[in-house]
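Okay, so the sequence shown: first residue is 4 according to the UniProt record's numbering, each after it adds one.
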Amino acid sequence: QWIYLNGEFVTKENAKVSVYDHGFLYGDGIFEGIRVYSGNIFRMEEHMDRLYRSAKSIMLNMPHSKEDFTDLVVETVERNQLRDAYIRIVVSRGVGDLGLDPYKCPKANVVVIVEPLAIFPKELYERGLDIVTVATRRNRPDVLSPKVKSLNYLNNVLVKIEAHLANVSEALMLNDQGYVAEGSADNIFIVRGNSFLTPPGYVGALEGITRNAVIEIAKNLGYEVKEEPFTRHDVYTADEVFLTGTAAEVIAVVKVDGRVIGDGVPGQHTQNILREFRARVVVDGIQ
Ligand code: PLP
Numbered sequence: 004q005w006i007y008l009n010g011e012f013v014t015k016e017n018a019k020v021s022v023y024d025h026g027f028l029y030g031d032g033i034f035e036g037i038r039v040y041s042g043n044i045f046r047m048e049e050h051m052d053r054l055y056r057s058a059k060s061i062m063l064n065m066p067h068s069k070e071d072f073t074d075l076v077v078e079t080v081e082r083n084q085l086r087d088a089y090i091r092i093v094v095s096r097g098v099g100d101l102g103l104d105p106y107k108c109p110k111a112n113v114v115v116i117v118e119p120l121a122i123f124p125k126e127l128y129e130r131g132l133d134i135v136t137v138a139t140r141r142n143r144p145d146v147l148s149p150k151v152k153s154l155n156y157l158n159n160v161l162v163k164i165e166a167h168l169a170n171v172s173e174a175l176m177l178n179d180q181g182y183v184a185e186g187s188a189d190n191i192f193i194v195r196g197n198s199f200l201t202p203p204g205y206v207g208a209l210e211g212i213t214r215n216a217v218i219e220i221a222k223n224l225g226y227e228v229k230e231e232p233f234t235r236h237d238v239y240t241a242d243e244v245f246l247t248g249t250a251a252e253v254i255a256v257v258k259v260d261g262r263v264i265g266d267g268v269p270g271q272h273t274q275n276i277l278r279e280f281r282a283r284v285v286v287d288g289i290q
């Protein structure tokens with residue numbers, strides 16, 4: 004396995020950064036997760052655009068142009084000779100002193116890791132997930148924009164801990180007003196009749212690239228898609244519920260806080276989306 008680290012390709016054992024790195028000290032940095040399907044990088048341009056928007060928003064100087072960095076990521080995938088994989092890009096503020104001041108970090112640390120990925124076991128895709136809502140809230144969009152995919156993932160980590168404590172594999176966060184925001188690393192959709200609903204960005208969800216792909220797919224299949232806030236009640240009483248994310252792809256949810264969703268099995272509409280998504284992942288990628 005070859006990891007890209009600041010201009011070099013190194014082995015896993017040699018892929019190390021300083022303890023003075025501000026990503027480590029303060030979570031000061033950004034990241035992206037991207038999938039490779041049959042050698043095609045899924046929606047790479049959208050991921051790179053989001054990465055560079057995140058960098059701009061937090062005033063992090065990217066050491067490469069978007070085009071050069073895209074080439075570097077492609078090269079890292081090629082060197083690892085994996086046809087199906089997950090790419091993790093991490094760009095931290097870099098090494099500084101113990102103070103917070105990012106202006107004392109002259110150079111960002113840049114890491115690209117490519118490795119195989121299996122997030123949920125296969126049978127969960129067939130059976131659907133049992134999830135809960137948790138006490139941890141999504142940070143307010145006006146405080147730290149959820150559009151920035153930053154290294155500050157503590158509330159998402161707390162969601163995972165609450166999920167473990169409840170003996171389930173994923174959980175949902177609400178925002179500070181009680182509207183449903185998203186999962187620990189995935190967006191939520193609910194299906195009501197012929198309509199798909201997903202929370203708008205201002206509720207506090209990351210604008211997921213899988214979410215955008217699913218919106219397009221659903222519209223193409225003739226469904227109505229609405230981005231509007233909804234509550235737990237709407238989730239409990241939906242016909243179908245599913246989650247989307249780079250790692251999770253499209254996965255049905257069959258129980259939320261003990262309430263059985265629909266018939267308690269992955270619904271027809273969710274399966275339509277999943278089928279179409281799988282057909283698209285290769286076509287939408289770049290080689
Ligand atoms: N929400 C959060 C908090 C995430 O970290 C992710 C994962 O990237 C998502 C949603 C899903 O976004 P995407 O489909 O771009 O992977």
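Idealized CB from N, CA, C, for every residue including glycine.
Item	Value
Is Gly204 a contact residue of the ligand PLP, with contact defined as CB to any heavy atom under 6 Å?	no
Look at Arg214 and Ala184 and say whether their C-beta atoms are less than 7 Å apart.	no
I'd like to check one pair, Ile134 with Val257: are the Cβ atoms closer than 7 Å?	no
State the Cα-Cα distance for the pair Glu118 and Ile44, rounded to the nearest angstrom.	13 Å
Is Tyr7 helix, strand or coil when you go by DSSP?	strand
Could you give the C-beta distance for Trp5 and Arg86, rounded to a whole number, given that I count them as a contact under 8 Å?	The pair is not a contact, with the Cβ atoms about 16 Å apart (cut-off 8 Å).
So, helix, strand or coil for Gly279, using DSSP?	In the sequence on display, residue 279 carries Glu and not Gly. If DSSP states are grouped into helix, strand and coil, Glu279 belongs with the helices.
Any heavy atom of the ligand PLP closer than 6 Å to the CB of Leu28?	no
Over the uninterrupted beta strand (DSSP E) stretch that includes Phe192, give me the two end residues.	Asn190 to Arg195
Straight-line CA distance for Ala138 to Met176?	7 Å
Spell out the partners DSSP gives Tyr40 in its beta bridges.	Asn43
Would you mind giving the Cβ-Cβ distance between Ala174 and Ser187, rounded to the nearest angstrom? I have them listed as a contact below 8 Å.	6 Å
Let me check you understand the geometry: is the CB of Glu185 closer than 6 Å to at least one non-hydrogen atom of the ligand PLP?	yes
Roughly how many angstroms separate the alpha carbons of Gly211 and Thr201, rounded to a whole number?	11 Å
With DSSP run on the structure shown, which of helix, strand or coil describes Lys110?	coil
Please work out which residues of its chain come closer than 8 Å, Cβ to Cβ, to Glu227, disregarding the five sequence neighbours upstream and downstream, and give them in chain order.	Asn197, Ser198 and Phe199
Just to check, is the beta-carbon of Thr213 closer than 6 Å to a non-hydrogen atom of the ligand PLP?	yes
Considering only DSSP beta bridges, list what Ala250 is partnered with.	BP columns for Ala250 are empty, so no partner.
Please give the ranges of any alpha helix (DSSP H) in the segment 114–167, keeping only runs that are unbroken, at least 4 residues long and fully inside the region.	125–130
With DSSP as the reference, label Ala169 as helix, strand or coil.	coil
Specify the secondary structure class of Glu200 as computed by DSSP and reduced to three states.	Checking the sequence, you will find Leu at residue 200 rather than Glu. Three-state DSSP puts Leu200 in a strand.
Could you tell me the distance, in whole angstroms, from the CA atom of Val13 to the CA atom of Ser153?	24 Å
Looking at the structure shown, is Met51 part of a helix, part of a strand, or coil, going by DSSP?	helix
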